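Counting in the UniProt record's numbering, the sequence shown runs from 1 upward without gaps.
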Amino acid sequence: MPAATFDLIRRYYNAFNAGDWNTFFGLLTDDVAHDINQGGRETSITAFRAFIDRMNASYREQIVDIVISVSEDGRRAAAEYVVLGTYLKTDEGLPEATGQTYRLPGGAFFDIRDGKVARVSNYYNLQDWLRQVGA
1 MPAATFDLIR RYYNAFNAGD WNTFFGLLTD DVAHDINQGG RETSITAFRA FIDRMNASYR
61 EQIVDIVISV SEDGRRAAAE YVVLGTYLKT DEGLPEATGQ TYRLPGGAFF DIRDGKVARV
121 SNYYNLQDWL RQVGA
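Structural data, given as structure tokens:
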């Protein structure tokens, strides 16, 4: 089970980096819980799709230097990574976008159910991001 979970998380980030959204969303449960960094929880694949659409409008990101850890029973996983990004379009309530680039350490925690991601909680340092984009 842990090897299958490791592979699931690896495929999740590979699909994200490739912009392969059909594969990406195929790895999630219909009722996926998404904990947004310093925000609330959204529940449903529909809400997650809307979130990704909003993100893709304002940011271009690649996730690199990924280290995946999996619990012995394969029901939980964590990933530590670095986000390489470009701020393309001003996001509501944030500084003006002028194509700034950023390099931001982050992490995510996952619950796995029936071979799919049932929860993802993302974390990064918002103050570091704000500093990097010139806030």
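Quick reminder that beta carbons are idealized off the backbone N, C-alpha and C, glycines included.
Since the model is a prediction, treat every value here as computed from it, not as a measurement.
Relative to the C-alpha of arginine 49, which candidate in Val32, Asn37, Gly40 has its C-alpha closest? Val32
If you draw a straight line from the alpha carbon of residue 137 to that of threonine 98, how long is it in whole angstroms? Residue 137 cannot be examined here, being either before or after the span of the chain that is shown, 1 to 135.
Could you pull the start and end residues of the beta strand (DSSP E) that isoleucine 66 belongs to? 59-70
Identify every run of the beta strand (DSSP E) within the UniProt domain "SnoaL-like" (9-120), keeping only runs that are complete inside it and at least 3 residues long; order them along the chain. 28-35, 41-43, 59-70, 76-87, 101-113
Might you give, ordered along the chain, the residues of its own chain that have their beta carbon closer than 6 angstroms to the beta carbon of valine 67, omitting 5 neighbours on each side? Glu80
By how many angstroms is the C-alpha of glutamine 127 removed from the C-alpha of glutamine 38? 11 angstroms
Near glutamate 42, which residues of its chain fall below 6 angstroms by C-beta distance, leaving aside the five closest residues on each side in sequence? His34
Compute the Euclidean distance between the alpha carbons of threonine 29 and isoleucine 9, then round it to the nearest angstrom. 14 angstroms
Bridge partner(s) assigned by DSSP for asparagine 122: Ala108
Exposure of valine 64, with buried meaning 16 or more beta-carbon neighbours within 10 Å: exposed
Decide if glycine 115 is buried, meaning its Cβ has at least 16 other Cβ atoms within 10 Å, or exposed. exposed
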